[in-house]
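Worksheet: the structure to be examined is printed underneath.
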Amino acid sequence: MRFHYDPDGEPCVTRQQAADLKGVKPATVDRWVRIGYLAPVPGCPPRRRLFKVADVDEADRMAYEAAVRTSGSGKRVTRAA
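Residue numbers (the working numbering): 27 to 107.
Rendered as structure tokens:
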């Protein structure tokens, strides 16, 4: 995977790369942005948004924890590696 880098040198990915990295659909990445789990790197053009890899990891963790909290069952929510 080819990374882009923000001005601080942190690796960044596109929406599609973020989805591929986490094994989700690009629409899921859009949802993370919409609900505030993920924000694009400031200064990126709207049609070429980039996301820090660390932020993508954090958004995925937050979504997973929200799913566990709201699963409504006593069963443990499993997650593919």
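C-beta atoms are modelled at their ideal positions from N, C-alpha and C, and glycine is treated no differently.
| Asked | Found |
| --- | --- |
| Coarse secondary structure for PRO52, derived from DSSP in three states | helix |
| Status (buried if at least 16 other CB within 10 Å, exposed otherwise) for THR96 | exposed |
| TYR63 in three-state terms, based on DSSP | coil |
| CB-CB length for ARG41 against ARG75, believed under 8 Å | 6 Å |
| Residue range of the unbroken beta strand (DSSP E) whose run includes PRO37 | 37 to 39 |
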